[in-house]
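Presented below is the structure to which this report refers.
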């Protein structure tokens, strides 16, 4: 089965979220990093991290899955989804051949 690629945007709950996180929010975001690192170790995540846009820092992830439902499951199980919002889009990714 051919893998499907998606780009995910983690949109902060406020424009200055990265600079003004509460201790509770920081704890959730640390769990988010651990969650995405585990997904990367499973081979589902190609890259992820914060984008330092001067207007607003946001998260970006590129994933490789078998079906779109996996994207929805990844979002639903992400601790960061408790305090931020996600949007995602299919991507025609070009990746190295194995």
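Residue numbers (our numbering): 201 to 298. No residue lacks a Cβ here, since even glycine has one placed at the ideal position from N, Cα and C. These figures come from a predicted structure and were not determined experimentally.
The alpha-carbon of residue 258 is positioned some 31 Å away from that of residue 298.
In this chain, the beta strand (DSSP E) harbouring residue 247 covers 245 to 251. Boundaries of the beta strand (DSSP E) around residue 291: 285 to 291. In the three-state scheme derived from DSSP, where H, G and I count as helix and E and B as strand, residue 262 is classed as strand. Counted as a single uninterrupted DSSP element, the beta strand (DSSP E) harbouring residue 204 occupies residues 204 to 211.
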